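Going down the list, the sequences are from chains S, B and Y. Just remember that this note's numbering sits 4 ahead of the position in the first sequence, which is counted from 1. Just remember that this note's numbering sits 563 ahead of the position in the second sequence, which is counted from 1. Just remember that this note's numbering sits 8 ahead of the position in the third sequence, which is counted from 1. Even for Gly, the Cβ is constructed at its ideal location relative to N, Cα and C. It should be emphasised that the depicted structure is a prediction, and the values quoted were computed from it without experimental measurement. Input: a single structure, listed below in structure tokens.
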Amino acid sequence: MRHFWHWLLWLWIALAIAGAFLYAPLAKDFIGQSSRILFFHVPMAWGSFVAFMTAGVWSLLYLGKRQLDHDRAAQAAVEVGLLFCVLATVTGAMWARVMWGAWWNWDPRQTSIAFVLVFYAAYLVLRGAIEDPDLRARLAAAYAVFGLVVAPFLFFVLPRMATFTLHPDAVVNTRGKVDVDARMLQVLLVSALGFNVFFFWLHRLRWRLLRLEARRAAEGLTMMTEAQP
Amino acid sequence: MSAPGSLPLPAPRAAAMAGGEVGTPVRRWLGEATAVFVKDWRTELRTRHALHTLLLFAVTTLITVSMALGPLGVSSGERLAVLPALLWIILLFAAAAGLPRGFVQEEETHTATALRLAATPSALFCGKTLYSASLLLALEALLVPLYVAVMQLPVVSLGLLFAALAAGGLGLAIGSTLLAAIVAQAQGRGALFPILAFPVLLPLLLLAVELTRGAVAGSVGEGVLANLLLYDGALAVSGLMLFPIVWNP
Amino acid sequence: MGRYNPQAMTAPSDSLVEFTDLLRGFGRVPVLAGVSGQARTGQVLLVTGSNGSGKSTLLRCLAGLLRPQAGTIRLREDGRELDAVERRRRVGYVAPDLAFYEPLTAEENLTFFCRLRGVPARRAVELLATLGVPARRAAGALSSGMRQRLRWAWALLHQPRLLLLDEPFQNLDEAGEAAVRTLLDSHLEDGLAVIATPSPLLVPRLAATLDLSRHHAASDRPTAGRAGTA
């Protein structure tokens with residue numbers, strides 16, 4: 005039964021990909037076929053935002069109840085979120101190369117996503133620097149809750165403080181304000197839904213893996229893959 | 564060394580009982596924050612470690628930058644774009660080198676235990692933040708004139724410059740204090756701090772640089788100072804709310 | 009001016025510390041495995057055990073410096089129940105790892121804490137005099153015996169009801185130990201104490217002894233599911 009939902013998800017995403025290349029029209033001010041990247045770049049960015057907000061919520065739950073499992077959920081959310089964030093950054097750079105000739109130019113949105121990337125990469129570095137599980141969970145949770153303030157600021161406020169930019173703001177503002185072609189919007193939403201569901205699935209997998217690793221550590225079992233002394 | 568005589572039973576135990584301590588809550592809170600601030604400065608003035616670190620680091624970096632740019636320095640057309648940015652980079656790195664000591668030292672010398680048992684977290688946070696801010700402002704007071712002279716930074720609006728230094732410096736201090744409290748309890752504190760701090764402090768830096776550019780150009784775009792103060796405020800609120808969690812188990 | 013709570017002065021002077029089934033491990037190692045005990049006004053609970061049996065960990069949990077992974081801790085002062093945050097501020101704690109600010113004098117150190125605790129600064133001066141600690145000497149220049157006396161002074165600044173003492177007579181010479189015992193005796197008139205010691209110790213008003221080594225030996229196997237996993 006579970007596999008049905010997985011197959012449905014794959015089908016859904018395949019549909020989104022097909023739609024991106026076959027169904028949706030090209031956007032007006034874009035060079036060649038490059039507007040198609042939006043159907044992947046934007047959902048990735050949204051997905052990472054959802055991931056980081058999820059991490060913040062699980063962290064709050066941890067701080068309330070102090071159940072280590074909640075901390076694991078937060079960690080899993082950050083890890084998957086980082087994956088999405090890296091992909092969003094890379095697809096953004098690819099698009100910047102086509103549109104503006106340079107992979108990277110500190111356009112407000114590029115800046116934002118880069119800062120978010122470093123912020124959550126730092127979360128993982130922080131976790132790596134603390135031995136005691138309870139202390140690690142508490143400090144990482146505090147940092148992730150801090151992210152609940154920092155991430156929205158970086159995603160939504162910083163790009164609008166465009167005084168420091170040399171380039172005009174993003175040509176296509178897909179924050180829902182500009183009138184986007186109906187078919188483009190459809191594909192975008194299909195893709196966004198698909199990738200967000202994909203995030204939740206990946207998150208659950210990663211969370212389960214972390215839980216199993218913790219249980220294994222607690223029971224003192226050794227796996228054959230571990231190096232022998 | 565006096566011999567242990569009979570100890571007169573301490574003046575009213577009641578005075579120190581929970582609920583009966585001296586002074587109103589607000590005055591006591593202010594007293595605590597002030598006590599932390601004074602204690603940090605008193606310790607600092609006796610050892611001068613933080614001041615030396617900050618100053619030496621900043622001046623060394625300034626010398627390096629100036630030397631690397633050569634005798635002609637930055638061409639006058641480029642000054643507006645480049646010089647404010649360099650100034651804040653120096654300040655950022657100096658802050659990262661010198662400010663985390665506030666908490667790292669407490670943990671390393673194990674004085675943090677006594678503080679955890681005796682201090683109110685919010686008052687402690689405020690005291691430490693003010694201490695960091697005053698350190699940074701002291702650094703700015705010494706470094707900025709030097710920078711202006713060495714790099715030939717043409718300042719038109721002193722008001723904007725002071726606003727940038729004050730608001731930017733305050734933000735750096737608040738962010739650094741919270742993150743230092745986190746980092747102080749982890750391993751690899753020295754290297755870990757910049758990694759955690761930069762994503763948080765860089766947006767602040769961008770705004771401060773913009774404001775400093777305004778000081779050179781004479782005017783600045785709308786809302787930059789407001790945004791900077793808003794960011795400072797967000798950092799302050801986050802810090803106050805998160806610090807007790809970071810500090811106490 | 010000061011705000012005294014008249015109720016506090018006349019409430020029944022019943023103070024109590026009670027802990028039940030405390031569990032605290034570090035990573036895979038369970039240090040405290042289901043430890044319980046209590047003490048009331050005028051009583052001393054002695055905690056004994058070999059090195060590593062969890063004595064310091066227990067005292068840290070009671071002080072609020074560590075959070076136990078399971079179990080409860082209760083502190084009642086003069087009839088009033090305290091929550092975890094209040095407990096942390098109200099206990100008096102002496103332990104070998106307590107340190108003070110080396111560049112500051114003993115007096116400056118203690119008056120700093122007086123200000124933090126809202127206690128008049130002369131308490132610091134009085135206690136330093138009683139314990140014979142040179143007030144004007146930098147904390148960094150104190151001998152280990154003097155440091156221990158300073159720790160005692162620090163612990164008593166705010167007149168706590170519950171004293172948590174981890175190896176409290178360590179490094180003290182005869183005079184130091186005598187001074188400190190006098191303070192302990194007068195504290196026990198309306199206070200209580202939990203004292204941890206690795207070796208046999210004579211304490212006044214001993215009510216119970218909690219031996220952590222035996223407790224530990226019984227639950228020494230790393231038990232599955234204990235390290236807080238779901």
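Sequence-distant residues of its chain with Cβ nearer than 6 angstroms to residue i (five each side left out)
i                : result
Leu716 (chain B) : Leu646
Glu26 (chain Y)  : Gln46, Arg82
Trp16 (chain S)  : Gly198
Leu2 (chain S)   : An answer regarding residue 2 (chain S) cannot be provided, because it is not within the stretch 5 to 233 covered by chain S.
DSSP beta-bridge partners of residue i
i                : result
Glu26 (chain Y)  : Y:Gln46, Y:Arg82
Pro647 (chain B) : Pro647 (chain B) pairs with nothing; no bridge assigned.
Thr113 (chain Y) : Y:Ala146
Pro38 (chain Y)  : Y:Gly33
Glu670 (chain B) : Bridge partners of Glu670 (chain B): none, in fact.
Gly100 (chain Y) : Y:Leu171
Asp219 (chain Y) : Y:Thr56
Closest by C-alpha distance to residue i, when choosing among the options
i                : options                                : result
Arg215 (chain S) : S:Gly198, S:Met188, S:Phe150, S:Arg76  : S:Arg76
Ala204 (chain Y) : Y:Leu218, Y:Gly100, Y:Arg84            : Y:Leu218
Tyr66 (chain S)  : S:Asp185, S:Leu193, S:Leu206, S:Asp138 : S:Asp138
Leu608 (chain B) : B:Gln748, B:Gly636, B:Tyr694, B:Leu705 : B:Tyr694
Ile134 (chain S) : B:Gly751, B:Glu671, B:Ala660, B:Leu706 : B:Gly751
Gly722 (chain B) : B:Leu678, B:Leu699, B:Ala778, B:Leu619 : B:Ala778
Ala659 (chain B) : B:Pro588, B:Leu617, B:Lys602           : B:Leu617
Trp50 (chain S)  : S:Gly60, S:Ser195, S:Ala221, S:Ala148  : S:Ser195
Val153 (chain S) : B:Gly738, B:Glu669, B:Thr674, B:Ser629 : B:Gly738
Ile626 (chain B) : B:Ser782, B:Tyr710, B:Ala730           : B:Tyr710
Val54 (chain S)  : S:Ile17, S:Tyr27, S:Val84              : S:Val84
Val719 (chain B) : B:Ser782, B:Ala675, B:Leu765           : B:Ser782
Ala701 (chain B) : B:Ala729, B:Arg679, B:Cys689           : B:Ala729
Ala797 (chain B) : B:Glu785, B:Leu735, B:Pro812, B:Ile808 : B:Leu735
Met57 (chain S)  : S:Met48, S:Val90, S:Val82              : S:Val82
Gly732 (chain B) : B:Met714, B:Arg611, B:Pro708, B:Glu703 : B:Glu703
Pro208 (chain Y) : Y:Val37, Y:Ser58, Y:Gly33              : Y:Ser58
Leu72 (chain S)  : S:Ala141, S:Gly60, S:Ala59, S:Leu13    : S:Ala141
Leu593 (chain B) : B:Leu649, B:Ala712, B:Cys689           : B:Cys689
Contact set for residue i: own chain, Cβ-Cβ below 7 angstroms, skip 5 residues either direction
i                : result
Arg164 (chain S) : none
Ala80 (chain S)  : His207, Arg210, Trp211, Leu214
Ala145 (chain S) : Ser63, Tyr66, Leu67, Asp75, Ala78
Arg189 (chain Y) : none
Tyr7 (chain Y)   : The question about residue 7 (chain Y) has no answer, for chain Y in this structure spans 9 to 238.
Arg187 (chain S) : Tyr27, Ala28, Pro29
Contacting residues, own chain, Cβ-Cβ under 8 angstroms from residue i (five flanking each side not counted)
i                : result
Ala100 (chain S) : Ala106, Trp107, Trp108, Asn109, Asp111, Gln114
Glu265 (chain Y) : In the structure as shown, chain Y begins at 9 and stops at 238. Residue 265 (chain Y) is therefore absent and cannot be evaluated.
Val746 (chain B) : Pro663, Phe666, Val667, Arg752, Leu755, Phe756, Leu759
Leu742 (chain B) : Pro663, Phe756, Leu759, Ala760, Val763
Met103 (chain S) : Phe34, Ile35, Ser38, Val175
Thr113 (chain Y) : Ala143, Arg144, Arg145, Ala146, Ala147
Leu13 (chain S)  : Gly198, Val201, Phe202, Trp205
Span separating the alpha-carbon of residue i from that of residue j
i                : j                : result
Leu31 (chain Y)  : Gln77 (chain Y)  : 5 angstroms
His10 (chain S)  : Leu192 (chain S) : 21 angstroms
Thr28 (chain Y)  : Gly50 (chain Y)  : 20 angstroms
Phe620 (chain B) : Thr740 (chain B) : 19 angstroms
Gly35 (chain Y)  : Asp136 (chain S) : 6 angstroms
Ser38 (chain S)  : Leu121 (chain S) : 24 angstroms
Glu89 (chain Y)  : Arg82 (chain Y)  : 8 angstroms
Leu654 (chain B) : Asp185 (chain S) : 48 angstroms
Leu770 (chain B) : Ala92 (chain S)  : 25 angstroms
Leu706 (chain B) : Gln748 (chain B) : 31 angstroms
Phe120 (chain Y) : Trp810 (chain B) : 19 angstroms
Leu805 (chain B) : Phe150 (chain S) : 7 angstroms
Leu792 (chain B) : Ala726 (chain B) : 10 angstroms
Ala613 (chain B) : Ser638 (chain B) : 35 angstroms
Tyr147 (chain S) : Leu191 (chain Y) : 44 angstroms
Val202 (chain S) : Phe88 (chain S)  : In the sequence on display, residue 202 (chain S) carries Phe and not Val. Their backbone Cα atoms lie some 11 angstroms apart in a straight line.
Arg131 (chain Y) : Pro206 (chain Y) : 31 angstroms
- the segment 208–217 of chain Y touching the segment 25–44 of chain Y, judged by at least three CB pairs closer than 8 angstroms: no
- Please determine if the segment 65–82 of chain Y and the segment 633–645 of chain B are in contact, where contact requires at least 3 C-beta pairs separated by less than 8 angstroms. no
- Inter-stretch contact at 8 angstroms, needing at least 3 Cβ pairs: the segment 129–139 of chain Y / the segment 60–68 of chain Y: no
- Query: Would the segment 673–683 of chain B and the segment 120–134 of chain Y be scored as touching if the rule is three or more Cβ pairs under 8 angstroms?
  - Reply: yes
- Do the segment 116–128 of chain S and the segment 17–33 of chain S make contact, defined as three or more Cβ pairs closer than 8 angstroms? no
- Message: Quick test of the definition: if touching needs 3 or more C-beta pairs under 8 angstroms, does the segment 106–116 of chain Y touch the segment 176–194 of chain Y?
- Response: no
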